[in-house]
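Encoded as structure tokens, the structure appears first; notes follow it.
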Amino acid sequence: MKRFIGFIKKEFYHIFRDKRSLFILFGMPIAQILLFGFAITNEINNVQITILDHSKDATTEEIINKISASKYFTTNQMIAREADIETAFKKGKIKAALNFEKDFSRNLIREQKATIQIITDATDPNTANSITNYINAILQNYLQDKNKGIQIDYQIVPQTRMVYNPELKSVFMFVPGVMTIILMLVSAMMTSISITREKELGTMEILLVSPLKPFQVIIGKVVPYIFLSVINAAVIVLLSIFIFKMPVQGSLFLLGAESVLFIITSLALGILISTIAETQQAAMMISLMGLMLPVILLSGFIFPISSMPAPLQIISSIIPAKWFIIIIKGIMLKGVGMAFIWKETLILIGMTVLFIGLSVKKYKIRLE
Amino acid sequence: MKKENVIVAEALTKAFGDFKAVNAISFEVKKGEIFGFLGANGAGKTTAMKMLIGISKPSSGNAKVAGFDVYNQTESIKKNIGYMSQKFTLYDDLTVKENITFFGGIYGLSRAKIREKRAQLVSELGLEGISNKLVGSLPLGWKQKLSFSVSLLHEPKIVFLDEPTGGVDPITRRQFWEMIYKAADQGTTIFVTTHYMDEAEYCERVSIVVEGRIEALDTPKKLKEQFKVDSMNDVFLKLARNIE
């Protein structure tokens, strides 16, 4: 055990004395999450919206004027029937529609509560989300003005409906995606590089000649990265919660446990890569081309898997990241428990066992 | 006085497919001996050594190192040997002290023992002023000497040196051999491969490996007499020509 601690200490010296790996370990996660985070809160300008006004009273007119006056929206036409909303969307003329309920003004005054429906085209989920937020802000602003100086607290209840992509599939998708990429990067690429580095320098041979057993060497190299990956995962989750107000609906404990599982899967993959690659550069190329690209393109992080051609869908199934994204998306966004993600969890466990088995086998062949 | 054999190899062979990198070599090495393993690059020196230190399984033949079998007692062998490979094998991004502590640690030395050894080693090598410097910043000669000392840290019975003086200047090489003699005097057996023929003269006994076979094995003096030449270099050239 003492030997082991000495080994891990040495591993941390390596990591903390190499500026490049420090940057990849800590700079990259924060940079990525901020980049993706701010990329989705894109500003909107002159968005075409249509309005269906069932009450046509003073209040609705005030609100419509307020919305039209803002630089964000252009109210291009008024329509009379609900069915016309669909037509307008299909023609691609509008990005959003507002539907004022009947007797809007009267409800607001009598019951202090009126309802407005905001319908957005969620094929572009980021924009849809922004539009909703902007309209809400304008409504709140209007109410603040109206409530000034009176005791009664009027409320307008916006009912948001996103059409064509009701689950809003890729909003907040960047957090699970970035987390997956970072964990994969840190765990698989960094470990494969650090193991091949010892091979390249010849120190691996010295370690194998020492009384340390090969698996002890490997575990010793891997433990620091488990530790750092867990920290990274925590940083990403905290950043998403506090900076981007990402909801975590499910259990944080389950999220942590699944993350550790995925970290181990990635580490196993990293070890496997290090048994194939002889040099650090080769390890890096294999990790980048063989892991990063599929994770970004095929895991469902950016492009929905359901819209991929069948062969790519099959390929995406052998990418561990795909299953992990499903798992954390489930936990973070839908708040599901183990009952819904046991299948994905099992797949990840199976993959991990497979990778470790292959590494052990390859490793033995090399020693023969 | 007959000294015990610490390395015994009998028809030790390593084949990669049809190619026999090491072809049925047999020899004994006695305790405290400096045993030279000479040969051109690619003659099979390193492959033979890897079998003896337990990181490569022989294809056939037998060998015992420090009394342990190379097939199934490699763990015991590893505890009793030190090894320094062709490449420089300390960690460049660790300091002198950290390297010593780390390697002492993986050989299971106690903390007190490591501290004692570390102080001793630093003063013997004259590294006092720079023991907290990164090893990467030291000149190659010092690195090699440090590397050798580290391979002796756990007081192994046998030390295997694989071309330890590659790329080192003549003065440092000289100092290096003085260190080797000192270790041998203290009873450590030295198994050293080299392709510097002048270094062969420093060994007590020399085996010359050509294409995987041991073609000659004796003291440098006797080998020179046998081949009627003045230097080990000529012995080697004669042997190599005969094979061709």
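Protein chains in written order, with this note's numbering: chain A, 22 to 389; chain B, 2 to 245. Where a beta carbon is used, it is the ideal one built from N, C-alpha and C, also for glycine. The structure displayed is predicted, hence computed values, not measured ones.
Within chain A, I227, V230 have C-beta atoms less than 7 Å from the C-beta of Y84 of chain B, given in sequence order. Between the alpha carbons of K222 of chain B and V193 of chain B lies a distance of about 18 Å. Under DSSP, S61 of chain B takes part in a beta bridge, and its partners are B:T14. Around the beta carbon of S380 of chain A, 16 or more other beta carbons sit within 10 angstroms, so the residue counts as buried.
Residues A289, L290, L293 of the same chain have their beta carbon placed closer than 6 Å to that of F376 of chain A, with the five preceding and five following residues left out of the count. When C-alpha distances from A303 of chain A are compared across A:Q133, A:V199, A:S42, A:I216, the shortest belongs to A:I216. Using a CB distance cut-off of 8 Å, R24 of chain A counts as an interface residue toward chain B.
If the five residues before and after R174 of chain B are omitted, its C-beta is found closer than 7 Å to the C-beta atoms of T166, all from its own chain and listed in chain order.
Exposed is the label assigned to K4 of chain B, since fewer than 16 other Cβ atoms lie within 10 Å of its Cβ.
Using a Cβ-Cβ cut-off of 7 Å, Y384 of chain A is close to nothing in chain B; its nearest Cβ partner there is about 12 Å away. According to DSSP, residue pairing for S208 of chain B in a beta bridge involves B:F38, B:L218. A check of alpha carbon separations from A12 of chain B across B:A64, B:Y72, B:F228 identifies B:A64 as the nearest.
By the Cβ neighbour-count rule, S89 of chain A is exposed, with fewer than 16 other Cβ atoms within 10 Å of its own. Q138 of chain A sits in a strand when the DSSP states are folded into three classes. Chain-ordered, the chain A residues with CB closer than 9 Å to the CB of L95 of chain B read K31, Y34, H35, R38. Boundaries of the alpha helix (DSSP H) around N253 of chain A: 235-263. Secondary structure in the segment 90-162 of chain B: no beta strand (DSSP E) run of 3 residues or longer lies completely within the stretch. By the rule that beta-carbons nearer than 8 Å mark a contact, K21 of chain B does not touch chain A.
Between the alpha carbons of I54 of chain A and R218 of chain A lies a distance of about 29 Å.
Under a 10 Å Cβ-count criterion, I239 of chain A is classified as buried, with 16 or more other Cβ atoms of the shown protein chains found around its own Cβ.
For L233 of chain A, the neighbours in chain B by C-beta distance under 7 Å run, in chain order, I107.
Linking R38 of chain A to G62 of chain B through their CA atoms gives a straight-line distance of about 46 Å. Of all residues in the segment 50-81 of chain B, only I54, G55, I56, S57, K58, E76, K79, K80 come within less than 8 Å of chain A when Cβ atoms are compared, listed by chain position.
Neighbourhood of F236 of chain A in chain B, by CB distance below 9 Å: empty, with the nearest CB roughly 13 Å away.
Of the candidates B:K98, B:L147, B:L122, B:L147 places its Cα closest to the Cα of Y84 of chain B. Between A109 of chain A and V68 of chain A, the gap from beta carbon to beta carbon reaches 8 Å or more. Rounded to the nearest angstrom, the gap between the Cα atoms of K242 of chain A and T212 of chain A is 7 Å. Residue pairing by DSSP places I352 of chain A in no beta bridge whatsoever.
Taking 8 Å as the threshold, the shortest C-beta distance from L222 of chain A to chain B falls below it.
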